[in-house]
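Novice: Per our numbering, residue 438 is the first one in the sequence shown, and the count goes up by one each step.
Glycine included, C-beta positions come from ideal geometry on N, C-alpha and C.
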Amino acid sequence: YHPGHEEENATQRAIIKQASDWCETNGVPLMLEILLDQKAGHTPDDMLKVFAELHGAGIKVGIWKIEGFEKAEDWQKIAPEAQAPMIILGRGQNATAVATWVEAAAKSGVVDGFAIGRTIFQDALSAYSQGTIARADAIQKIAENYLKFIQLWESNSTKQ
């Protein structure tokens, strides 16, 4: 999604609107994952534009899945316009970058959790697939990675 690129996003908004309408009709919350241009990065202002464009199209989101920010203040800036709970996604980034995002999200007090699957399991699964570690070792590594992020969240969370 490219905030402000009306022509480029019109087709996507139309499809998302259909999904939003179906979800609303059927009582199913829409989880919407927003991926912005990785090369250009993303800012809170970009997300505010996304929210405005999608809300303006009548799209109702039940949960936002959003790329991480490095500062809690960035999450706090966008939260009032989200109009729905937010969770952080990892987008397959390395554990160091994602740890920074998880910490900021937890400290913000406005983010409800994380969905950072590839960051947690990709390396262990690749090693297992390549035969360089045993299945039990891959399972253990995935569990350790997940627990590490849970502990990071809990030690920084301002939510009760």
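1) For G493 and L485, what's the separation of their Cα atoms in angstroms?
2) Could you check where the alpha helix (DSSP H) with K544 kicks off and where it finishes?
3) Between the region 525-544 and the region 573-580, can you find at least three pairs of beta-carbon atoms closer than 8 Å?
4) State the Cα-Cα distance for the pair Q588 and N582, rounded to the nearest angstrom.
5) Going straight from the alpha carbon of S594 to that of Y438, what length do you get?
6) Could you spell out the range, first to last residue, of the alpha helix (DSSP H) harbouring F488?
7) So, K440 versus D474, is the Cβ gap smaller than 7 Å?
8) Assuming E581 is part of the alpha helix (DSSP H), what are its boundary residues?
9) Would A509 pass as an interface residue toward chain D - the criterion being a Cβ-Cβ separation below 7 Å?
10) By alpha-carbon positions, which one of E443, W501, E507 ends up nearest to V535?
11) By a C-beta neighbour count over all protein chains shown, 10 Å radius and 16 as the cutoff for buried, is S592 buried or exposed?
12) Starting from A509, follow the alpha helix (DSSP H) in both directions and report where the run begins and ends.
13) Flag this pair as yes or no: are the beta carbons of V548 and W512 separated by less than 7 Å?
14) Looking at the unbroken alpha helix (DSSP H) that takes in K454, where does it start and where does it end?
15) Can you give me the C-alpha to C-alpha distance between H442 and Q577, rounded to a whole angstrom?
Specialist: For this structure:
1) In a straight line, the C-alpha of G493 is about 12 Å away from that of L485.
2) Unbroken alpha helix (DSSP H) run through K544: 532-545.
3) Not touching, per the Cβ criterion.
4) Each residue's alpha carbon lies about 10 Å from the other.
5) In a straight line, the C-alpha of S594 is about 29 Å away from that of Y438.
6) That run of the alpha helix (DSSP H) goes 481-493.
7) At residue 440 the sequence reads Pro, which differs from the Lys that was named. For P440 and D474, no; Cβs fall outside 7 Å.
8) It spans 572-593 - the alpha helix (DSSP H) in which E581 sits, taken as one unbroken run.
9) No chain D appears in the structure shown, which is made up of a single protein chain.
10) Ranked by Cα distance from V535, the first of E443, W501, E507 is E507.
11) The C-beta of S592 has fewer than 16 other C-beta atoms within 10 Å across all chains shown, which makes the residue exposed.
12) Segment 509-519, the alpha helix (DSSP H) holding A509.
13) Cβ distance < 7 Å, so V548 and W512 count as in contact.
14) Annotation: the continuous alpha helix (DSSP H) that includes K454 extends over 443-462.
15) Going by the C-alpha atoms only, they are around 44 Å apart.
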